[in-house]
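In the UniProt record's numbering, the protein residues as written are 1 to 226.
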């Protein structure tokens with residue numbers, strides 16, 4: 001049976017720091033740190049809303065995290081400048097290793113799905129703009145459950161929607177919380193360690209596979225079938 005692969009989108013396929021160039025034009029050399037903090041708050045807001053069962057879309061989390069980061073770091077952006085940044089978030093680029101890796105995995109017979117905190121519409125637009133939408137059978141969004149990763153229910157939702165069994169389904173993610181969440185829900189998972197400085201949470205739950213680039217994934221998954 002071919003593997004079913006659930007690809008996290010933001011930070012795994014799509015470079016969330018692709019907004020840095022626009023930020024540099026607005027705030028200069030503070031851009032990288034600002035981008036990182038914005039991303040941290042975006043995820044924090046999703047976690048908190050999921051736990052509180054006080055759902056708002058990932059786009060709302062992103063916008064509110066931008067407001068917070070501006071206030072925290074003393075950056076005065078106009079409403080128009082904020083809207084420009086949020087529009088760029090809809091057209092972020094794919095990482096350089098993505099397209100070729102997806103092509104190889106598809107050729108291996110793997111079933112590829114995008115699985116995201118973002119709404120299906122937002123992710124579809126993002127993948128289309130990045131030139132990689134054609135690789136995916138479907139987009140499965142947590143928005144359909146009005147919750148966020150790593151709620152166990154969203155991984156069960158993925159398995160139902162993709163018609164996959166946990167034993168043959170893999171989550172592919174650069175986010176340790178997502179990897180741990182999927183393994184806790186019975187799936188297998190590959191952690192994409194996109195930065196050598198990235199740390200995996202010491203919870204005693206290890207990724208099934210670890211790669212530093214998606215380009216390593218086809219070979220490592222092929223070895224899992226031996």
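No residue lacks a Cβ here, since even glycine has one placed at the ideal position from N, Cα and C.
These numbers were taken from a predicted model, which means no experiment stands behind them.
**Item:** Rounded Cβ spacing between residue 174 and residue 182 (contact assumed at less than 8 angstroms)
**Value:** Taking a contact as a CB-CB distance under 8 angstroms, the pair residue 174 and residue 182 does not count as one, their CB atoms being some 13 angstroms apart.
**Prompt:** So residue 133 is in the alpha helix (DSSP H); what residue range does that whole segment cover?
**Reply:** Taken as a continuous stretch (DSSP letters only), residue 133 belongs to no alpha helix (DSSP H), as it is neither H nor E.
**Request:** Helix, strand or coil for residue 4, going by three-state DSSP, please let me know.
**Result:** Here residue 4 sits in strand by DSSP.
**Request:** Excluding the 5 residues preceding and the 5 following residue 123 in the sequence, name in chain order all residues of the same chain whose CB lies nearer than 6 angstroms to its CB.
**Result:** Once the five neighbours on either side are set aside, the close Cβ partners of residue 123 are 9, 114, 116 and 139.
**Asked** Given residue 18, which residues of its chain have a CB within under 7 angstroms of its CB, disregarding the five upstream and five downstream residues?
**Response** 92 and 93.
**Request:** Look up residue 194 in the DSSP assignment and say whether it is helix, strand or coil.
**Result:** Collapsing the DSSP output to three states places residue 194 in coil.
**Asked** residue 65 to residue 90, Cα distance in whole Å?
**Response** Cα to Cα, the separation comes out at about 16 angstroms.
**Message:** Taking the beta strand (DSSP E) that residue 19 belongs to, which residues open and close that run?
**Reply:** Looking at the DSSP string, residue 19 is not in any beta strand (DSSP E), and its letter there is neither H nor E.
**Request:** Could you tell me if residue 187 is buried or exposed, where buried requires 16 or more neighbouring beta carbons within 10 angstroms of its beta carbon?
**Result:** With 16 or more other Cβ atoms inside 10 Å of its own Cβ, residue 187 counts as buried.
**Message:** Please state the DSSP three-state secondary structure of residue 173.
**Reply:** Here residue 173 sits in strand by DSSP.
**Prompt:** Grouping DSSP H, G and I as helix and E and B as strand, with all else coil, what is residue 200?
**Reply:** Judged by DSSP in its simplified three-state form, residue 200 adopts coil rather than helix or strand.
**Asked** Does the Cβ-Cβ distance between residue 167 and residue 185 come in under 8 angstroms?
**Response** Not in contact: residue 167 and residue 185 (Cβ atoms no closer than 8 angstroms).
**Request:** Return yes when the C-beta of residue 153 is under 7 angstroms from any heavy atom of the ligand NAP, and no when it is not.
**Result:** Of ligands this structure carries none, so the ligand NAP is not represented either.
**Request:** In the DSSP assignment, find the beta strand (DSSP E) that holds residue 114 and state where it starts and stops.
**Result:** For residue 114, the enclosing beta strand (DSSP E) has its first and last residue at 111-116.
**Message:** Let me make sure I understand the geometry here. Which of 105, 30, 161 and 67 has the alpha-carbon closest to that of residue 219?
**Reply:** The alpha carbon of residue 219 has as its nearest neighbour, out of 105, 30, 161 and 67, the alpha carbon of 105.
**Request:** Can you give me the Cβ contacts of residue 39 inside the same chain, cut-off strictly under 6 angstroms, excluding the 5 residues immediately before and after it?
**Result:** 16, listed in sequence order.
**Item:** Nonlocal neighbours in the same chain, by C-beta distance under 8 angstroms from residue 131, ignoring five residues either side
**Value:** Cβ within range, chain order: 94 and 99.
**Asked** For residue 10, which beta-bridge partners are listed by DSSP?
**Response** According to DSSP, residue 10 shares a beta bridge with 14.
**Item:** residue 170 classed as buried or exposed, judged by whether at least 16 other C-beta atoms fall within 10 angstroms
**Value:** Residue 170 is buried by the Cβ-count criterion.
**Prompt:** Under the three-state reduction of DSSP, which class applies to residue 210: helix, strand or coil?
**Reply:** Reduced to three states, the DSSP call for residue 210 is strand.
**Prompt:** Is it right to say residue 226 is buried, meaning 16 or more other beta carbons lie within 10 angstroms of its own, or is it exposed?
**Reply:** Bear in mind that the predicted position of residue 226 carries a pLDDT of just 46, short of 50, making it unreliable; the figure below should be weighed with that in mind. Residue environment: residue 226 is assigned as exposed (fewer than 16 neighbouring CB atoms within 10 Å of its CB, all protein chains considered).
**Item:** Cut-off 8 angstroms between Cβ atoms - residues of its own chain near residue 126, not counting five sequence neighbours on either side
**Value:** Once the five neighbours on either side are set aside, the close Cβ partners of residue 126 are 9, 14, 90, 91, 92 and 118.
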